[in-house]
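Counting with the numbering used here, you get residues 1 to 327 for the letters of the sequence shown.
The C-beta atom is built at its ideal place from N, Cα and C for all residues, glycine as well.
What follows is one structure encoded as structure tokens, with my remarks underneath.
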Amino acid sequence: MKKITTILLLLTLAFGVMAFAACGDKPTESGSVSTGALGDGADTDEDIDVPASAENDPDAADVKYFKFELYGNSMSKGYMITGWSDVTDARPTEIIFPTAYNKLPVVGIAQGAFRNDKTITKITLGDSFRLIKKRAFCGCENIGSVNLSAKITKIAASAFRDCKKLTSVAVPEKITRLYGSTFSGCESLVSVTLPEKLVYLGVKVFEGCKALKSVEIPKSVTEIGTACFMNSGVEKISLSLTGIKAIPVDCFSGCKNLTSVAASKVTKVGLGAFYGCEKLKSVTVSSNCEFGMLSLTFKGCPEDVKVNNKPLSDIEIITPPSEDTGA
1 MKKITTILLL LTLAFGVMAF AACGDKPTES GSVSTGALGD GADTDEDIDV
51 PASAENDPDA ADVKYFKFEL YGNSMSKGYM ITGWSDVTDA RPTEIIFPTA
101 YNKLPVVGIA QGAFRNDKTI TKITLGDSFR LIKKRAFCGC ENIGSVNLSA
151 KITKIAASAF RDCKKLTSVA VPEKITRLYG STFSGCESLV SVTLPEKLVY
201 LGVKVFEGCK ALKSVEIPKS VTEIGTACFM NSGVEKISLS LTGIKAIPVD
251 CFSGCKNLTS VAASKVTKVG LGAFYGCEKL KSVTVSSNCE FGMLSLTFKG
301 CPEDVKVNNK PLSDIEIITP PSEDTGA
């Protein structure tokens with residue numbers, strides 16, 4: 001009983017943390033000017049390389065439409081765009097963001113800056129940009145096109161969550177980690193290009209991406225988060241060439257079009273990882289793989305689904321030793 005209670009508590013805490021990333025969360029208020037790195041919790045930007053200078057893109061939208069906040073320190077300064085200014089006439093819908101302001105580079109988009117905006121349809125972030133903070137464009141349901149500078153090094157949690165019309169995105173080559181819910185709810189997303197140096201895909205990164213049929217996971221990736229592909233449209237997944245050793249809880253839960261998973265290096269599969277995968281035919285994992293309860297991990301899958309070419313009834317259950325010494 002103690003073990004069951006502990007598991008339920010951990011699940012409750014986990015879902016509570018995930019819910020925190022929702023677009024409806026109130027953003028942090030900020031003054032007109034501040035200094036120092038602005039932290040994003042786990043998504044810190046302490047190592048952001050602020051360019052020494054930048055020239056404004058001649059095609060950029062007028063700076064009058066935006067609010068700016070000073071960013072950096074005495075040695076290296078730039079500006080963050082924190083949202084729309086009070087100028088409301090003829091706001092652009094296809095935005096090429098300014099790359100310079102007050103003779104300093106514009107380095108990023110602040111937390112929640114354009115959250116839930118319904119007017120923006122296209123964005124371009126030029127070469128001065130280095131980071132996109134939490135929920136920067138979360139809920140911008142009419143954004144259909146995103147052009148990101150190759151020099152961007154950080155994209156924080158829920159940055160593009162619920163951009164329902166976004167169809168494709170090329171993640172900048174310097175990104176090594178995608179944090180929770182980055183593209184969650186992007187239901188029109190059909191194409192994602194991930195960088196070769198990526199090592200981590202966070203919690204719910206592609207959750208609810210119903211149009212996403214395939215994703216090429218770079219060899220460099222070593223970890224994927226809980227519910228990473230939950231309720232997405234992926235049909236086949238290959239992890240065998242990556243460094244991924246565990247498929248976490250609910251990773252592919254609700255992926256109704258998923259037919260096969262190749263993950264020969266995986267030694268642990270979490271509870272509910274394939275829950276509701278109605279078309280799943282085969283899963284390949286390490287021969288000594290540890291599973292959560294098979295009845296829940298594969299609940300809702302076809303009865304003839306095979307694991308390492310064996311029916312579920314023939315799978316030897318290998319579980320880690322119990323740590324519960326209580327009564």
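With a contact defined as Cβ atoms closer than 8 angstroms, residue 201 and residue 221 qualify at about 6 angstroms.
A straight line joining the alpha-carbon of residue 185 with that of residue 129 spans about 25 angstroms. In summary, residue 80 is buried, with 16 or more beta-carbon neighbours lying within 10 Å of its beta-carbon over all protein chains present. The DSSP-derived three-state label of residue 65 is helix.
When the five nearest sequence neighbours on each side are left out, the beta carbons in the same chain lying within less than 6 angstroms of the beta carbon of residue 248 are those of 226 and 270, in order along the chain.
Spanning the alpha carbons of residue 265 and residue 75 requires a straight line of approximately 46 angstroms. Distance from the CA atom of residue 165 to the CA atom of residue 288, rounded to whole angstroms, is 42 angstroms. Shown here, residue 194 sits in coil according to DSSP, grouped into three states, outside any helix or strand. Of the candidates 77, 162 and 61, the residue whose Cα lies closest to the Cα of residue 87 is 61.
It is roughly 12 angstroms from the alpha-carbon of residue 119 to the alpha-carbon of residue 163. DSSP places residue 295 in the uninterrupted alpha helix (DSSP H) bounded by 294-297.
In this structure, residue 215 sits near residue 192, with a CB-CB distance shorter than 7 angstroms.
Leaving aside the five residues that flank residue 224 on each side, the residues in its chain whose CB is nearer than 7 angstroms to its CB run, in chain order, 201, 244, 248 and 251.
The DSSP-derived three-state label of residue 145 is strand. Distance from the Cα of residue 150 is smallest, within the candidate group 144, 279, 304 and 175, for 175. Counting every other CB atom within 10 Å of its CB across the protein chains shown gives residue 113 a total of 16 or more, marking it as buried.
The criterion of a C-beta distance shorter than 7 angstroms is not satisfied by residue 219 and residue 246. Residue 230 holds the alpha-carbon nearest to the alpha-carbon of residue 204 among 196, 195, 230 and 213. Residue 82 has its alpha-carbon roughly 7 angstroms from the corresponding atom of residue 111. Residue pairing of residue 236 in beta bridges, as defined by DSSP: 260.
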